[in-house]
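J.:
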Amino acid sequence: MKEKLQTLSLVQLKEIAREQGFKGVSNLNKANLIDLLVEFSENQNKPIAKSEGGSSEVATRENSYQRDNYQSQNGYSNQNNYSSQNNYSNQGGYANQSGYPNQNRNTYHSTQRNNVMNQGRTTGYNNSYQQRYNNQPGNNQGNTPNYYNNQNQYGNQYNNQYSNQYQNQYGSNQYQNQYQNQQGYRNDYYDQYSRYQRDRDYTTDMRDLESGEIAEGILEIMPDGFGFIRCENFLPGDNDVYVSPAQIKKFGLRTGDVVSGMKKIKTATEKFAALLYINTVNSTPVDELGERPNFEDLTPVFPDVRIHLATNETKSKAMRIVDLLAPIGKGQRGMIVAQPKAGKTTLLKEIAKSIIANEKDMHLMIVLIDERPEEVTDIKEAIVGDNVEVIYSTFDEVPERHKRVSEMVIERAKRLVEQGKDVMILLDSITRLARAYNLTVAPSGRTLSGGLDPAALHMPKRFFGAARNIREGGSLTILATALVDTGSRMDDVVFEEFKGTGNMEIVLNRKLSEKRIFPAIDVLKSSTRRDDLLLSEREALAVNAMRKATENMRPEDSAEQIIQKFASTNNNEELVEDVIAHIEE
174 MKEKLQTLSL VQLKEIAREQ GFKGVSNLNK ANLIDLLVEF SENQNKPIAK
224 SEGGSSEVAT RENSYQRDNY QSQNGYSNQN NYSSQNNYSN QGGYANQSGY
274 PNQNRNTYHS TQRNNVMNQG RTTGYNNSYQ QRYNNQPGNN QGNTPNYYNN
324 QNQYGNQYNN QYSNQYQNQY GSNQYQNQYQ NQQGYRNDYY DQYSRYQRDR
374 DYTTDMRDLE SGEIAEGILE IMPDGFGFIR CENFLPGDND VYVSPAQIKK
424 FGLRTGDVVS GMKKIKTATE KFAALLYINT VNSTPVDELG ERPNFEDLTP
474 VFPDVRIHLA TNETKSKAMR IVDLLAPIGK GQRGMIVAQP KAGKTTLLKE
524 IAKSIIANEK DMHLMIVLID ERPEEVTDIK EAIVGDNVEV IYSTFDEVPE
574 RHKRVSEMVI ERAKRLVEQG KDVMILLDSI TRLARAYNLT VAPSGRTLSG
624 GLDPAALHMP KRFFGAARNI REGGSLTILA TALVDTGSRM DDVVFEEFKG
674 TGNMEIVLNR KLSEKRIFPA IDVLKSSTRR DDLLLSEREA LAVNAMRKAT
724 ENMRPEDSAE QIIQKFASTN NNEELVEDVI AHIEE
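For the sequence shown, the numbering used here assigns the number 174 to the initial residue and increments by one for each residue that follows.
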């Protein structure tokens with residue numbers, strides 16, 4: 174033993190001494206270290222006894238190179254195998270910095286270790302001196318040896334990149350080991366599995382969080398990624414339901430979607446109830462949701478499907494005039510230009526009733542911006558249907574609410590069109606909507622006539638410009654009222670800005686209403702672009718004949734004469750035949 178130690182360098186001897194738990198060896202010379210190690214080795218050696226069966230047993234003894242600091246105070250045992258060939262390859266799977274490949278990882282099975290203990294073999298690892306190890310009963314459970322002693326023939330000092338809770342016998346090799354099993358060790362995979370089992374045990378059943386209340390409304394997604402289900406008039410309220418960003422991302426939700434789901438039990442510290450899970454999106458179960466097209470990617474075309482407003486049941490002269498002189502198609506972008514007290518609200522109500530009666534599959538949205546509260550109540554009570562929504566913001570509300578209502582309405586309409594549905598929006602009025610944006614938009618530094626900021630017209634134009642007929646299916650029709658001759662220069666500027674954006678225009682004349690001539694429609698100024706796509710040949714011929722016959726008259730006289738012509742017939746087919754017969758004569 175002494176001869177072998179003399180072949181080692183002073184640095185290696187000091188490392189071996191530190192392994193055995195000796196302190197203060199840095200000041201000793203080589204001879205003193207050899208004597209100290211030889212004396213310690215002789216004290217630890219004990220005889221080996223044989224059993225009655227003839228097989229040798231390894232008697233209980235202290236390891237020749239015992240690592241006292243290799244175990245922590247709470248019973249952690251290191252399971253790293255060190256071999257001279259791979260330089261610090263261990264069972265824990267830690268890669269060292271020596272660059273030697275780990276070839277002996279996980280090669281010691283329990284049966285091999287039992288054979289070593291039962292037969293008392295001394296395993297050689299191609300070291301420069303003989304390594305001896307033995308298992309101490311009582312310290313290890315699970316057939317895993319407690320101590321591995323290795324003397325490397327290379328005298329280099331390796332530093333492992335992982336730090337442990339205990340000091341390795343090589344002094345500079347520290348590991349951050351997360352083994353927490355006092356009966357042996359847990360590797361990383363077993364640790365992860367244990368954490369999963371522990372978390373699953375503490376997971377509360379989702380059904381225990383159900384409040385029993387179903388939340389349904391229009392989703393509004395905020396800039397931060399989360400959203401709220403607006404339950405009342407598309408506006409924020411105390412009954413709104415919080416929707417997490419994860420749910421929005423998972424189901425591809427967008428602002429304007431109608432979301433229905435189960436509410437979570439509301440705690441005392443929560444201001445809003447949260448949505449626990451989603452059942453349907455736009456009346457479609459979540460498991461049947463597919464990819465939806467973007468509204469902006471759809472192809473707009475001219476309206477080519479006519480919306481019939483006049484029927485034999487209604488017999489409304491106003492609807493008959495609109496049907497023939499200014500026909501409305503699916504996807505029309507029309508303006509109703511009116512002076513105050515010209516009857517625009519009455520005309521909107523008649524159009525809405527005709528839509529409900531004739532176009533039962535069309536979704537109708539009536540948007541009242543900056544209107545009188547009594548008119549809101551009147552329209553809500555008069556216009557009732559399965560596919561009818563009345564959204565409003567009265568004149569006593571702040572401009573921010575006008576702006577928010579209009580944005581929610583147009584997003585809701587876009588989501589319906591993306592599903593291939595036909596939607597009609599009746600807006601009253603676009604002039605007041607532009608006024609609201611003029612008060613809320615950030616100043617652009619320029620001002621138009623009447624004090625109108627050019628930036629205030631962007632969002633109203635975006636609202637009005639969303640009307641279109643979709644080639645892939647679906648349509649969005651918008652009829653918006655515009656005020657003129659109100660005494661405000663701003664209203665005239667708004668009308669002039671929107672005058673060329675529509676493809677249909679109905680002009681009301683206050684002088685006709687003052688004469689008690691209803692409907693007060695200026696038939697010469699009211700028209701539709703590309704009406705040839707909506708009218709038949711005989712209807713187009715009759716309309717041209719009526720316009721030519723009244724073009725030299727005053728607006729009041731021409732309107733009065735045409736209205737009398739409509740009143741003398743029962744329906745438009747009869748009127749067309751009478752006009753054509755008069756032309757042929």
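Yeah, the Cβ is synthetic: ideal placement off N, Cα and C, and Gly gets one too. Just so we're clear, the structure is a prediction, and the values are computed from it rather than from any experiment.
Within 10 angstroms of the Cβ of Leu612, are there 16 or more other Cβ atoms? Answer buried if so, exposed if not.
T.: Walking along the sequence shown from the start, residue 612 turns up at place 439. That one is exposed.
J.: Is the separation between the beta-carbon of Val459 and that of Leu426 shorter than 8 Å?
T.: As a position in the sequence shown, residue 459 is number 286, starting the count at 1. As a position in the sequence shown, residue 426 is number 253, starting the count at 1. No; because the gap between Cβ atoms is not below 8 Å, this pair is not in contact.
J.: For Lys576, count neighbouring C-beta atoms within 10 Å of its own C-beta (all shown protein chains included) and say buried if the count is 16 or more, exposed if not.
T.: Here residue 576 refers to the residue found at position 403 when the sequence shown is read from its first residue. Classification of Lys576: buried, given that the 10 Å Cβ count is 16 or more.
J.: So what does DSSP say about Gly357, is it helix, strand or coil?
T.: Taking the first residue of the sequence shown as position 1, residue 357 is located at position 184. Low confidence applies here, because Gly357 scores a pLDDT of 43, under 50, leaving its location unreliable and the question unanswered by this model.
J.: Just the C-alpha distance for Ile480 and Gly504, rounded to the nearest angstrom, thanks.
T.: Walking along the sequence shown from the start, residue 480 turns up at place 307. Walking along the sequence shown from the start, residue 504 turns up at place 331. Roughly 10 Å between the two C-alpha positions.
J.: Could you name the residues of the same chain whose beta carbon sits closer than 6 Å to that of Leu600, not counting the 5 residues immediately before and after it, in chain order?
T.: Along the sequence shown, read from residue 1 onward, the residue named residue 600 stands at position 427. Here the set comprises Val540 and Ala653.
J.: Nearest by alpha-carbon distance to Glu215: which of Gly194, Arg703, Val416 and Lys175 is it?
T.: By 1-based counting over the sequence shown, the position of residue 215 is 42. Answer by Cα proximity: Lys175.
J.: Any contact between the region 411-419 and the region 460-468? By contact I mean 3 or more CB pairs, one from each, below 8 Å.
T.: The region 411-419 is not in contact with the region 460-468.
J.: Under 8 Å, do Asp430 and Arg635 count as touching if we go by C-beta distance?
T.: Residue numbering aside, residue 430 sits at position 257 when the sequence shown is read from its first letter. Residue numbering aside, residue 635 sits at position 462 when the sequence shown is read from its first letter. No, the pair does not count as a contact, with Cβ atoms beyond the cut-off.
J.: Nearest-angstrom Cα distance between Asp534 and Val596?
T.: Taking the sequence shown and counting its residues from 1, one reaches residue 534 at position 361. Taking the sequence shown and counting its residues from 1, one reaches residue 596 at position 423. Near 9 Å, if we compare the C-alpha coordinates of Val596 and Asp534.
J.: In three-state DSSP terms, what is Lys444?
T.: Position 271 of the sequence shown, counting from 1, holds the residue named residue 444. Looking at Lys444 - three-state DSSP - the assignment turns out to be coil, as it is neither helix nor strand.
J.: Please determine, among Ser182, Asn200, Leu209 and Ala204, the residue with the shortest C-alpha to C-alpha distance to Gln193.
T.: For the purposes of this step, residue 193 is taken as the residue at position 20 of the sequence shown. If we check each option's Cα against that of Gln193, Leu209 comes out closest.
J.: Return the chain-ordered list of same chain residues with a C-beta closer than 6 Å to the C-beta of Leu748, the five sequence neighbours on each side being excluded.
T.: Residue numbering aside, residue 748 sits at position 575 when the sequence shown is read from its first letter. If we look at Leu748 and ignore the five residues flanking it on each side, its Cβ neighbours are Thr742.
J.: Is DSSP giving Met581 helix, strand or coil here?
T.: For the purposes of this step, residue 581 is taken as the residue at position 408 of the sequence shown. Correct three-state label for Met581: helix.
J.: If we count the other Cβ atoms within 10 Å of its Cβ and call it buried at 16 or more, is Met508 buried or exposed?
T.: Counting from one through the sequence shown, the residue named residue 508 turns up at place 335. Classification of Met508: buried, given that the 10 Å Cβ count is 16 or more.
J.: I'd like the span of the beta strand (DSSP E) that includes Leu537, first residue to last.
T.: Against the sequence shown, residue 537 aligns to sequence position 364. That run of the beta strand (DSSP E) goes His536 to Glu544.
J.: In terms of DSSP beta bridges, what is Gly390 paired with?
T.: Counted from its first residue, the sequence shown places residue 390 at position 217. Val432, per the DSSP bridge assignment.
J.: If you run the structure through DSSP and keep just helix, strand and coil, what is Glu562?
T.: Stepping through the sequence shown from its first residue, residue 562 is reached at position 389. Glu562: strand per DSSP, three-state reduction.
J.: What do you get for Ile387, buried or exposed, if any count of 16 or more other CB atoms within 10 angstroms of its CB means buried?
T.: Taking the sequence shown and counting its residues from 1, the one referred to as residue 387 is at position 214. Counting Cβ neighbours within 10 Å, Ile387 comes out exposed, since fewer than 16 surround it.
J.: Expressed to the nearest angstrom, what Euclidean distance is found between the alpha-carbon atoms of Val614 and Met726?
T.: Start at 1 with the first residue of the sequence shown, and residue 614 comes out as number 441. Start at 1 with the first residue of the sequence shown, and residue 726 comes out as number 553. Distance between the alpha carbons of Val614 and Met726 is about 45 Å.
J.: Where does the unbroken beta strand (DSSP E) through Val680 begin, and where does it stop?
T.: Start at 1 with the first residue of the sequence shown, and residue 680 comes out as number 507. Its beta strand (DSSP E) spans residues Met677 to Val680.
J.: Nearest by alpha-carbon distance to Asp569: which of Arg545, Val657, Glu532 and Leu206 is it?
T.: Walking along the sequence shown from the start, residue 569 turns up at place 396. The candidate whose alpha carbon is nearest that of Asp569 is Arg545.
J.: Whole angstroms is fine: what's the gap from Asn467's alpha carbon to Glu724's?
T.: The residue labelled residue 467 in the question sits at position 294 within the sequence shown. The residue labelled residue 724 in the question sits at position 551 within the sequence shown. Straight-line Cα distance between these residues: approximately 45 Å.
J.: How would you call Asp496, buried or exposed, if buried means at least 16 neighbouring beta carbons within 10 angstroms?
T.: Locating residue 496 in the sequence shown gives position 323, where the first residue counts as 1. Asp496 is buried by the Cβ-count criterion.
J.: How should Thr518 be labelled, buried or exposed, when 16 other C-beta atoms within 10 angstroms of its C-beta is the threshold for buried?
T.: Within the sequence shown, the letter at position 345 stands for residue 518. It is buried - the Cβ of Thr518 has at least 16 other Cβ atoms within 10 Å.
J.: Please name the residue, chosen from Glu405, Lys423, Leu382 and Arg662, that lies closest to Lys439 on a Cα-to-Cα basis.
T.: Reading the sequence shown from its first residue, position 266 is the one you call residue 439. Comparing Cα positions, the closest option is Leu382.
J.: Where does His536 land, buried or exposed, given buried means 16+ other C-beta within 10 angstroms?
T.: The sequence position of residue 536 within the sequence shown is 363, counting from 1. Buried.
J.: Just the C-alpha distance for Ser661 and Val667, rounded to the nearest angstrom, thanks.
T.: By 1-based counting over the sequence shown, the position of residue 661 is 488. By 1-based counting over the sequence shown, the position of residue 667 is 494. Cα to Cα, the separation comes out at about 10 Å.
J.: In three-state DSSP terms, what is Ser602?
T.: The count along the sequence shown starts at 1 and reaches residue 602 at position 429. Coil at Ser602, not helix or strand.
J.: In three-state terms, what does DSSP make of Val667?
T.: For the purposes of this step, residue 667 is identified with residue 494 of the sequence shown, where counting begins at 1. Residue state, collapsed to three classes: helix.
J.: What are the complete beta strand (DSSP E) segments, minimum 3 residues, inside the region 625-652?
T.: List check, beta strand (DSSP E) in window: 641-643.
J.: Measuring straight from C-alpha to C-alpha, what distance separates Tyr302 and Ser199?
T.: In the sequence shown, residue 302 corresponds to position 129, counting from 1. In the sequence shown, residue 199 corresponds to position 26, counting from 1. Bear in mind that a pLDDT of 39 at Tyr302, under 50, signals an unreliable position, so the number given afterwards is only what the model happens to contain. Their Cα atoms are separated by approximately 23 Å.
J.: Does the Cβ of Tyr321 have 16 or more other Cβ atoms within 10 Å, making it buried, or fewer, making it exposed?
T.: Indexing the sequence shown from 1 puts residue 321 at position 148. The pLDDT assigned to Tyr321 is 39, lower than 50, so where the model puts this residue is not dependable; a value taken from the coordinates is nonetheless given after this. Flag for Tyr321 reads buried.
J.: Using 8 Å as the threshold, is the region 614-627 in touch with the region 558-569, meaning 3 or more CB pairs across them?
T.: Taking 8 Å as the limit for Cβ pairs, the verdict is that the region 558-569 does not touch the region 614-627.
J.: Count the other CB atoms within 10 Å of the CB of Leu708; is the residue buried (16 or more) or exposed (fewer)?
T.: The sequence position of residue 708 within the sequence shown is 535, counting from 1. Classification for Leu708: buried.
J.: Among Pro627, Val716 and Ala629, which residue has its Cα nearest to the Cα of Ser699?
T.: Taking the sequence shown and counting its residues from 1, one reaches residue 699 at position 526. Ranking the options by Cα distance to Ser699, first place goes to Val716.
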